[in-house]
Ligand code: GDP
């Protein structure tokens, strides 16, 4: 089994054991029952959220995540009414491969920022959550100190739908959390590519957690992801790993020089720290504070948020069009047949696509 600091003789807390495979979702009927429960009115939701009622906020987020179209409609109204109260937060994206120490770090980062006051919401985007029937990211049990803090709100990744759908729900949840007075938002994701782009499209600062000591630090990381980072932090800089972490930091710094300067005008920084032993956390936060002052002064902060709003307008339109197309009963039937024909080489992909699109638009009376 992997080396964990929790398994050291001197560590007095719980030891790390091997995990178990995740069981199936509990009875689907339980879910159906919960959905049917009589809900609050739109006014109740908005009032509860704006007054900082966590239980109402939590229910509203559930509504946002629901696949039920009625819930979706209510959620949209609640979000719209919450919009005037939103926007006043620092939104930070935190990414790293599994085992990089995201949950340990978020626990430490969170406790650090909460010491300065305010409220922190931890949300997540996990593209694998649909397949694995539930998400680990953002799970409360992984953030022991934070989950017991009265000013924190931790929510796992929405699990249903495509990455785009999951991301949209998380973005909507950010608005609700902000309206409820959360002035720090963390959005966590796993370092696998696409999900970083989604997170980047909804945060002000993108923090990339890396590890040292693999010998090929820069090989495993996609160039595009490094280019998105406003800060790269090398975790587990503790014990005999400190020198390796410093070396990795130098390599990352050198690699960053090869990229074009980011649009924000900010020079991405590279730091080392230890989430588990709470070393170097303050320096990371000083960097983020410095960034916020910098981009607010040069106007990039507002420009970036406006660009993100535009991006999400198009994403929402694209998502709605796509789902309308794929949920159309005629298209659904035709799709299966055309897919077979394309696979057997009887029809080209373009002919098939055109026939389907013609049928779709024809059906709409055009
Ligand atoms: P995640 O999958 O990215 O959320 O990673 P976790 O936070 O679950 O951490 C994975 C393992 O790395 C756990 O055993 C942690 O205790 C360990 N770990 C996390 N941060 C540190 C650190 O700063 N130093 C050391 N030595 N181990 C750490």
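Numbering (this note's numbering), first residue to last: -11 to 354. For glycine and all other residues, C-beta sits at the position ideal for the given N, C-alpha and C.
Cβ neighbour criterion (16 or more within 10 Å) applied to residue i
i	result
residue 192	buried
residue 298	exposed
residue 87	exposed
residue 139	buried
residue 114	buried
residue 246	exposed
residue 145	buried
residue 43	exposed
residue 176	buried
residue 317	exposed
residue 350	exposed
residue 165	buried
residue 200	buried
residue 84	buried
residue 6	exposed
residue 47	buried
residue 211	exposed
residue 354	Summary for residue 354: the model assigns pLDDT 47, below 50, so the residue's position carries little reliability, and this model does not support an answer.
residue 1	exposed
residue 345	exposed
residue 170	buried
residue 36	buried
residue 218	buried
residue 337	exposed
residue 24	Summary for residue 24: the model assigns pLDDT 47, below 50, so the residue's position carries little reliability; its value from the coordinates is reported in the next sentence. Burial call: exposed.
residue 302	exposed
residue 380	Given a span of -11 to 354 for the chain in the structure shown, any question on residue 380 remains unanswerable.
residue 93	buried
residue 188	buried
residue 55	exposed
residue 358	This structure cannot speak to residue 358, because the chain is shown only from -11 to 354.
residue 249	exposed
residue 223	buried
residue 331	exposed
residue 155	buried
residue 61	exposed
residue 326	buried
residue 263	buried
Residue closest to residue i, alpha-carbon to alpha-carbon, out of the options
i	options	result
residue 196	307, 254 and 89	89
residue 230	261, 79 and 239	261
residue 76	326, 280 and 157	280
residue 240	130, 105 and 213	213
residue 167	39, -8 and 321	39
residue 283	300, 307, 256 and 264	256
residue 252	275, 221 and 287	287
residue 163	32, 238 and 73	73
residue 198	307, 346, 341 and 235	235
residue 275	290, 263 and 258	258
residue 78	54, 67 and 106	106
residue 49	-1, 109 and 102	109
residue 324	41, 340 and 233	340
residue 81	243, 302 and 178	178
residue 319	347, 273 and 57	347
residue 309	189, 174 and 152	152
residue 111	4, 103, 159 and 330	159
residue 358	30, 54, 157 and 92	A query on residue 358 cannot be resolved here, the shown segment of the chain reaching from -11 to 354 and no further.
residue 221	315, 30, 227 and 233	233
residue 215	244, 102 and 33	244
residue 133	101, 154, 31 and 335	101
residue 104	273, 136 and -8	273
residue 52	263, 313 and 161	161
residue 142	332, 172, 150 and 331	172
residue 69	59, 41, 58 and 33	33
residue 311	3, 131, 135 and 150	150
Counterpart residues of residue i in DSSP-defined beta bridges
i	result
residue 193	80
residue 223	199
residue 176	82 and 112
residue 141	109
residue 262	267
residue 47	In the DSSP output, where bridge partners are listed per residue, residue 47 has none listed.
residue 355	In the structure as shown, the chain begins at -11 and stops at 354. Residue 355 is therefore absent and cannot be evaluated.
is_contact[residue i, chain B] using C-beta, thresh 8 Å
i	result
residue 7	Reference to chain B is not applicable here, since this structure consists of a single protein chain.
Margin query: Quick check: the region 281 to 294 against the region 172 to 188, are at least 3 beta-carbon pairs closer than 8 Å?
Written below: No, they do not touch.
Notebook entry, point to check: Do the region 264 to 277 and the region 89 to 98 meet, that is, are 3 or more Cβ pairs less than 8 Å apart?
Noted result: Two segments are said to touch when three or more pairs of C-beta atoms, one from each, lie closer than 8 Å; by this definition the region 264 to 277 touches the region 89 to 98.
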